[in-house]
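Everything below concerns the one structure shown next.
Residue numbers (the UniProt record's numbering): 1 to 542.
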């Protein structure tokens, strides 16, 4: 058999059952081998979309995915999505056929490209060991949470080898043991705290981590918050503050800033999560727990760091606390404040809808009421992004997929496709700005072709709104555009489409929700564009 077949079959044998991509000459046979071995292939319209679909799928499914691209230009087309996945530590294997002949039009230094975006470059050079090297790439992706670019020289892919038994999934290594001294130090800080806040991030995005953190918070009286990527983790908890950082509601920000102990559990406590440090009160003890030593203190000066798995560390602290119980930050008075004033929907505002354009707060609150609660929401980047991120409720951490580590616009629609395939039991909702929607419009065809009952909401201000509001008082000719009928674009791809200028136009959304949903829905929302979103004003200091 060909090495291409060995590689494809090995990936599936090692647990990779979804592969996304655009197929050309170099990756034709390796992709076909994965399909023949039982993997589902999802064809995208552009490699950039395929990379982000694979990223969104892996994050939401909690399982590795594969991306398959053509040699050279297929890989370069996918690089933004690969960079996002690599920065987010997504377990992803990129199958990258490689033209090693310098005179080939397809030749580029693929190893250097992988290094440049933070992925791990590996290469299969010996046909006899192709299965073992492929299995090692999957193991690295899964157990080290890395995005691996597996370079496949064309001459090697076409080589013939004897059929041999394939390796299976590797056994995960044991969780890193937590140093006893670190456990004791963290336990002492938790015991002494009167106003503790736990902020859970990407590293706590699992059932075991959530359950141990909730138990420890109940023991210590801590309030619970998340970074944006872990939104929904504590959705059903009465002492949850939702997201910490620029998206925080005024009450959440007040309480986090008032904490005397802030513990980041698998959370980098970066400038976004801590509002450039403004959510850390004077004299507060700041601790970061992470299983990757080099992550500690990368973004923020710490009182101390703890190297360890989130769940194991939380269990260790709970054990050392013994019978200790504290009310901590929790009180009946605070419980009442959280019940009535925590959500952004509870914060009064002046509705700026004018009949031609709808206030994004009014729009998103209405959509939150209209759309089924069992949903998975993906959000693109831009001035608009705080509204769907914070006004649309999600049932748990698998209900929110946030590809923002690279802060690229144009990834939101492909993210939603990947998340939708990982959770086919939920309504997928893609929230996009007009700039990102038009960048990724080719994947509207993928939504329709896959038969996904997706809602695509376009917050359309006919501009790159972040730049408009950042560069106040300057010429905006380079970042504003004539009106675009994005509803017509959606209809052209086979969507049911509606233009929304006021709440009365949302009747069409209600009809779609109540109907068979046999076509996806695109909402071209003409939103008020006169002021920056609150999170953007906070970030830019306006």
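Virtual Cβ for every residue (Gly too), placed ideally from N, Cα, C.
Who are the Cβ neighbours of residue 93 in its own chain at under 7 Å, not counting the five residues just before and after it? 11, 16, 64, 66, 137, 138, 141, 148 and 150
Taking the alpha-carbon positions, what's the residue 499 to residue 184 distance? 58 Å
Sequence-distant residues of its chain with Cβ nearer than 6 Å to residue 300 (five each side left out): 269
Residue burial classification, residue 509 (beta-carbon count within 10 angstroms, cutoff 16): buried
Return the first residue and the last residue of the alpha helix (DSSP H) that residue 210 is part of. 207-220
The alpha helix (DSSP H) enclosing residue 81, as first and last residue numbers: 79-87
If residue 602 sits next to residue 228, beta carbons under 8 Å apart, how far is it from one beta carbon to the other, in whole angstroms? Lying before the first or after the last residue shown, residue 602 is absent from the chain, which here runs from 1 to 542.
Does the distance from the C-beta atom of residue 193 to that of residue 328 stay below 8 Å? yes
Simplified DSSP state of residue 409, which is helix, strand or coil: coil
Can you tell me whether residue 385 is buried or exposed? The criterion is at least 16 other CB atoms within 10 Å of its CB, across all chains shown. buried
Please report the distance separating the alpha-carbon of residue 219 from that of residue 362. 39 Å
Chain-order list of residues whose beta-carbon lies under 7 Å from that of residue 407 (same chain, five-residue window excluded): 381
If we call anything under 8 Å between Cβ atoms a contact, is residue 199 one with residue 262? yes
Could you tell me whether the stretch 122-132 touches the stretch 72-84, using the rule of 3 or more Cβ pairs below 8 Å? no
Over what stretch of residues does the beta strand (DSSP E) that includes residue 534 continue unbroken? Here residue 534 belongs to no beta strand (DSSP E); instead the alpha helix (DSSP H) covers 534-540.
Report the three-state DSSP secondary structure of residue 126 (helix, strand or coil). coil
So the candidates are 470, 421, 404 and 399; which of them puts its Cα closest to the Cα of residue 534? 470
Pull up the DSSP beta-bridge partners for residue 95, would you. 68 and 150
Tell me the rounded alpha-carbon separation between residue 501 and residue 357. 5 Å
Leaving aside the five residues before and after residue 98 along the sequence, list all residues of the same chain whose C-beta is less than 7 Å from its C-beta, in chain order. 71, 110, 151, 152, 153 and 154
In the UniProt domain "Thiamine pyrophosphate enzyme central" (184-315), which residue ranges form an unbroken alpha helix (DSSP H) of at least 4 residues, counting only runs that do not cross its ends? 207-220 and 250-257
Counting Cβ pairs, one atom from each stretch, are 3 or more of them under 8 Å apart for the stretch 168-185 and the stretch 248-255? no
Measure the CB-CB distance between residue 457 and residue 486 and report whether it falls below 8 Å. no
Which word fits residue 35, buried or exposed, when buried means at least 16 other C-beta atoms lie within 10 angstroms of its C-beta? exposed
Express the C-alpha separation of residue 370 and residue 291 in angstroms, rounding to a whole number. 41 Å
In or out: residue 197 buried (at least 16 other Cβ within 10 Å) or exposed? buried
Burial state of residue 414, where buried means 16 or more other Cβ atoms lie within 10 Å: buried
Where does residue 60 sit, in a helix, a strand or coil, going by DSSP? helix
Could you check whether the stretch 471-478 touches the stretch 391-404, counting it as contact only if at least three pairs of C-beta atoms, one from each stretch, sit closer than 8 Å? no
Tell me the rounded alpha-carbon separation between residue 527 and residue 236. 31 Å
Nearest candidate by alpha-carbon position, reference residue 355, set 503, 492, 164 and 189: 503
Tell me which residues share the same chain as residue 68 and place their Cβ nearer than 6 Å to its Cβ, disregarding the 5 neighbours each side in the sequence. 19, 21, 27, 31 and 95
Beta-carbon proximity check, residue 203 vs residue 267, cutoff 8 Å: yes
What runs of the alpha helix (DSSP H), each 4 residues or longer, lie entirely inside the stretch 25-53? 28-36
Using 8 Å as the threshold, is the C-beta distance between residue 419 and residue 376 below it? yes
According to DSSP, which residues form a beta bridge with residue 433? 459
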